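Visitor: Structure below; questions to follow.
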Amino acid sequence: MQQKLNLYNTLTRKKEEFEPLHAPFVGMYLCGPTVYGEPHLGHARSAVTFDVLYRYLKYQGYKVRFVRNITDVGHLENDADEGEDKIAKRAKLEHLEPMEVVQHYTNVYHQDMDKLNVLRPDIEPRASGHIIEQIEMIQEILGNGMAYEVNGSVYFDVQAYHKNNKYGKLSGRVIEDLMANTRDTEGQSDKRSPLDFALWKKASPSHIMRWPSPWSDGFPGWHLECSAMSRKYLGTTFDIHGGGLDLMFPHHECEIAQSQASNNHTDAAKYWVHNNMITVNGQKMGKSLGNFINLSELFSGNHAMLEEKYSPMTIRFFILQAHYRSTLDFSNEALQAARKGYTKLMNGLNVLKKLQYPEDGAGIAPDAKLNEDLLKLTEDCFRGMNDDMNTARTIASLFNLLKKINSLHLGQLNIAQLERGTFDTIRSTYGELVLNVLGLQEEQVGDMDDMLHLVLGFYKEAKENKAYDKVDAIRAELKKQGIVIKDMKTGIDWAYEE
RNA sequence: GGUAACGUGGCCGAGUGGCUAGGCUCAGCUCUGCAAAAGCUGCUACAGCGGUUCGAAUCCGCUCGUUACCUCCA
Numbered sequence: 020m021q022q023k024l025n026l027y028n029t030l031t032r033k034k035e036e037f038e039p040l041h042a043p044f045v046g047m048y049l050c051g052p053t054v055y056g057e058p059h060l061g062h063a064r065s066a067v068t069f070d071v072l073y074r075y076l077k078y079q080g081y082k083v084r085f086v087r088n089i090t091d092v093g094h095l096e097n098d099a100d101e102g103e104d105k106i107a108k109r110a111k112l113e114h115l116e117p118m119e120v121v122q123h124y125t126n127v128y129h130q131d132m133d134k135l136n137v138l139r140p141d142i143e144p145r146a147s148g149h150i151i152e153q154i155e156m157i158q159e160i161l162g163n164g165m166a167y168e169v170n171g172s173v174y175f176d177v178q179a180y181h182k183n184n185k186y187g188k189l190s191g192r193v194i195e196d197l198m199a200n201t202r203d204t205e206g207q208s209d210k211r212s213p214l215d216f217a218l219w220k221k222a223s224p225s226h227i228m229r230w231p232s233p234w235s236d237g238f239p240g241w242h243l244e245c246s247a248m249s250r251k252y253l254g255t256t257f258d259i260h261g262g263g264l265d266l267m268f269p270h271h272e273c274e275i276a277q278s279q280a281s282n283n284h285t286d287a288a289k290y291w292v293h294n295n296m297i298t299v300n301g302q303k304m305g306k307s308l309g310n311f312i313n314l315s316e317l318f319s320g321n322h323a324m325l326e327e328k329y330s331p332m333t334i335r336f337f338i339l340q341a342h343y344r345s346t347l348d349f350s351n352e353a354l355q356a357a358r359k360g361y362t363k364l365m366n367g368l369n370v371l372k373k374l375q376y377p378e379d380g381a382g383i384a385p386d387a388k389l390n391e392d393l394l395k396l397t398e399d400c401f402r403g404m405n406d407d408m409n410t411a412r413t414i415a416s417l418f419n420l421l422k423k424i425n426s427l428h429l430g431q432l433n434i435a436q437l438e439r440g441t442f443d444t445i446r447s448t449y450g451e452l453v454l455n456v457l458g459l460q461e462e463q464v465g466d467m468d469d470m471l472h473l474v475l476g477f478y479k480e481a482k483e484n485k486a487y488d489k490v491d492a493i494r495a496e497l498k499k500q501g502i503v504i505k506d507m508k509t510g511i512d513w514a515y516e517e
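Numbering of the first sequence is given in the numbering used here, commencing with residue 20 and proceeding in unit increments.
Okay, structure coming up:
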């Protein structure tokens, strides 16, 4: 059995056993959102994927420092020199201060992530709050001869860097190919080479967001903030750097270059982890294609592509049912299936709460084979997690375990046939994986047991009196509340409707 | 054009050489006043062609198809 977590490292293109640099401490950085618009399903996937990694590492006993930034400056519309800052553009459109835009969409992001039960990071730094650190880093890179200043702007010199380093090591790009295929800047740029990227940009007179620097009043380049902030809070080398696959090039490639060219002289992170994209009809969901669905639209059902609204936990389960490195295709059918699967898993949690291990032993001998099988199922759950965080496999194993749990509840299997230890292991594994690691939570009203106990009393009475019209009425009323009655040999119980 | 992936049953989606993925859907059975729930059983698979192998969805080659990155994107 794989005891240890294995992670696919984009840098080596291999699954590697996770070994922290300074156990038990783990440093983890995730590229957060640029807060100029509503978060969509793609943001959710990235956040949920690394939330599960964060949770699982903590579950394994590591002391994790998780940093996820907020990009509030420097992210330009395009690579051209006249590219507009995304946030400034939005601010102009809505007649707001840029920081109002930033605050608004940061709040929305937090609210949506809270709904998805994504844990808040330990540190959530903003790019605009770390201008000094970014300037320092630029000075280091200039000092090491791998950047140059032109007209108040500073650019990273990719070719100078490439002499002693390998630009393209993360994304697998070949610099010569990039040179041959990159669009010509037609002499309009200050850059020496189209591959070079901005570390500092001089602000045009109309540009609102600006800070003083040794070179000009201006603003930092997009790639720089992650390098500066990850170093400040996690050190020159840390364990895990995450992000969406679309950030691999150029963003993460540039981060590595900046880190190597600064006084760090490291790749920044030991493990580079990338989640794949969400697709719609096989095409990437993205801003440029205009086929993205905001989280608020998913939660409310208010979007032309949506047949109904989908709860946050349905979304979370939908994301977790696929492996994070596969593309995941959006469809109403898939989300409806996810909703039912999620509910089934949560009903299992309620069943488990009610199961009691018989104290008297009841004189029944434990079934060795059964115990072995059940323990194997619990191990399978972890085997899935350890194999590159394969939550799809973990969930499949949980469903296998759930069948057994339901059989115990139904009396088809006798709890007394289990060893006490087996029973406890099942209960804790199922509960902790579902709630703490996968981060799924109950969405329905919490403790309805007391109230339902009363109703079920009436139900039982009506049944015993064969007052079936009354029985049917109770069932119908509860069904309206999303509760279904389960008549079993062993008694009457309830469950959420799937 | 360059680079990297992918193509699994009605739908979604795991699975890198031999051992049941799983969820949803559909059909049947058990239970049941009727249901529901749950359990059990079944139904459709590995794009095509060739090769390696005792044995391939899994390795190799070719063909077809799809996508991503190379410009902002999680």
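Glycine included, each C-beta is placed from N, C-alpha and C at the ideal position. Values in this document were obtained by computation on a predicted structure and should not be read as measured data.
Could you tell me which of Q500, F477, A435 and C400 sits nearest to E451, measuring between CA atoms?
Guide: For the residues Q500, F477, A435 and C400, the minimum Cα distance to E451 belongs to C400.
Visitor: Between the Cα of V453 and those of A411, Y478, E438 and A481, spot the shortest distance and give me the residue it belongs to.
Guide: Of the listed residues, the one whose Cα sits closest to V453 is A411.
Visitor: Would you identify the three-state DSSP class for V453, choosing helix, strand or coil?
Guide: DSSP places V453 in helix when its eight states are reduced to three.
Visitor: Could you have a look at A323 and say whether DSSP puts it in helix, strand or coil?
Guide: Coil, per DSSP.
Visitor: Taking all protein chains shown into account, decide if R335 is buried (16 or more other Cβ within 10 angstroms of its Cβ) or exposed.
Guide: R335 should be labelled buried.
Visitor: Is the beta carbon of A146 less than 8 Å from the beta carbon of D91?
Guide: Going by C-beta atoms, A146 is nearer than 8 Å to D91.
Visitor: Taking P43 as the reference, which of G367, P377, S350 and D258 has the closest Cα?
Guide: If we check each option's Cα against that of P43, D258 comes out closest.
Visitor: Using CA atoms only, rank isn't needed, just tell me which of A486, L471 and G510 is closest to Q500.
Guide: Ranking A486, L471 and G510 by Cα distance to Q500 puts L471 first.
Visitor: Which residue's Cα is closest to the Cα of I89: N136, Q79, I142 and D286?
Guide: The shortest C-alpha separation from I89 is found at I142.
Visitor: Where does H342 land, buried or exposed, given buried means 16+ other C-beta within 10 angstroms?
Guide: The residue is buried, with at least 16 neighbouring Cβ atoms inside 10 Å.
Visitor: Alpha carbon to alpha carbon, how far is A288 from L317? Give it in angstroms, no decimals.
Guide: L317 and A288: Cα-Cα distance of roughly 34 Å.
Visitor: Might you give, ordered along the chain, the residues of its own chain that have their beta carbon closer than 7 Å to the beta carbon of E168, omitting 5 neighbours on each side?
Guide: These residues qualify, in order along the chain: W234.
Visitor: Only counting the same chain, and skipping five residues up and downstream in sequence, which positions put a Cβ closer than 6 Å to that of V299?
Guide: Here the set comprises N310 and F349.
Visitor: So, using beta-carbon positions, are I434 and L393 closer together than 8 Å?
Guide: Going by C-beta atoms, I434 is not nearer than 8 Å to L393.
Visitor: Entirely within the region 244 to 298 and at least 4 residues each: give me those alpha helix (DSSP H) ranges in chain order.
Guide: Fully enclosed alpha helix (DSSP H) runs of 4 or longer: 272 to 280.
Visitor: Once you ignore the five residues that flank L189 on each side, which residues in its own chain have a CB closer than 7 Å to its CB?
Guide: Cβ within range, chain order: T29, L30, M267, H271, E272, I275 and W291.
Visitor: If you count every other CB in all the chains shown that lies within 10 Å of the CB of L112, and 16 or more means buried, which is it?
Guide: Under this definition L112 is an exposed residue.
Visitor: Scan the region 70 to 115 and note each continuous alpha helix (DSSP H) run of 4 residues or more that stays entirely inside, going in chain order.
Guide: Complete alpha helix (DSSP H) runs here, min 4: 105 to 113.
Visitor: Excluding the 5 residues preceding and the 5 following S241 in the sequence, name in chain order all residues of the same chain whose CB lies nearer than 6 Å to its CB.
Guide: It is worth fixing the name first, because residue 241 is Trp in this sequence and not Ser. Cβ neighbours of W241 beyond the five flanking positions: G93 and H94.
Visitor: Could you pull out every residue in the same chain whose Cβ sits closer than 6 Å to the Cβ of T204, ignoring the five residues on either side in sequence?
Guide: Legend: pLDDT at T204 = 47, less than 50; position of this residue unreliable, no value from coordinates given.
Visitor: Select from R87, L432, E483 and K422 the residue whose C-alpha is nearest the C-alpha of K251.
Guide: Per the Cα distances, R87.
Visitor: Could you give the DSSP three-state label for Q302: helix, strand or coil?
Guide: Q302 falls in the strand class under three-state DSSP.
Visitor: When you measure from the CB of I297 to every non-hydrogen atom of the ligand SAH, does any distance come out below 7 Å?
Guide: Ligands in the displayed structure: none, and consequently the ligand SAH is not present.
Visitor: Spatial neighbours of T53 within its chain, please: C-beta separation below 7 Å, excluding the five flanking residues on both sides.
Guide: Answer for T53: T90, H94 and K105, listed in chain order.
Visitor: Going by C-alpha distance, which of L420, A486, L437 and L354 is nearest D386?
Guide: The shortest C-alpha separation from D386 is found at L437.
Visitor: Report all residues from its chain with a CB closer than 6 Å to the CB of D236; omit the five preceding and five following residues, and keep chain order.
Guide: Closer than 6 Å at Cβ, skipping near neighbours: A222 and R229.
Visitor: Run through DSSP, which three-state label would L347 get?
Guide: Three-state DSSP puts L347 in a strand.
Visitor: What first and last residue would you give for the beta strand (DSSP E) that runs through Y27?
Guide: N25 to N28 is the extent of the beta strand (DSSP E) around Y27.
Visitor: Leaving out five residues before and five after I383 in sequence, what residues of the same chain have Cβ atoms less than 7 Å from its Cβ?
Guide: Only N433, A435 and Q436 meet the Cβ criterion.
Visitor: Which of the three DSSP states is assigned to T53 in this structure?
Guide: Note: T53 maps to strand in three-state DSSP.
Visitor: Spatial neighbours of I424 within its chain, please: C-beta separation below 8 Å, excluding the five flanking residues on both sides.
Guide: Counting only Cβ-Cβ distances below 8 Å, and skipping sequence neighbours, we find G367, V370, L371, L374, I445 and Y449.
Visitor: Please tell me whether I312 and H322 are closer than 8 Å, where the distance is taken between their beta carbons.
Guide: A contact, by the Cβ cut-off of 8 Å.
Visitor: In three-state DSSP terms, what is W241?
Guide: Note: W241 maps to helix in three-state DSSP.
Visitor: For F37 and Y27, I'd like the C-alpha separation in whole angstroms.
Guide: Rounded to whole angstroms, F37 to Y27 spans 9 Å at the Cα level.
Visitor: Could you check how far apart the C-beta atoms of M304 and L60 are, in whole angstroms? I think they sit under 8 Å.
Guide: About 6 Å separates the two Cβ atoms, so the contact holds.
Visitor: Measuring CB to CB, does L364 end up less than 8 Å from L420?
Guide: Their beta carbons are not under 8 Å apart, which means L364 does not touch L420 by this criterion.
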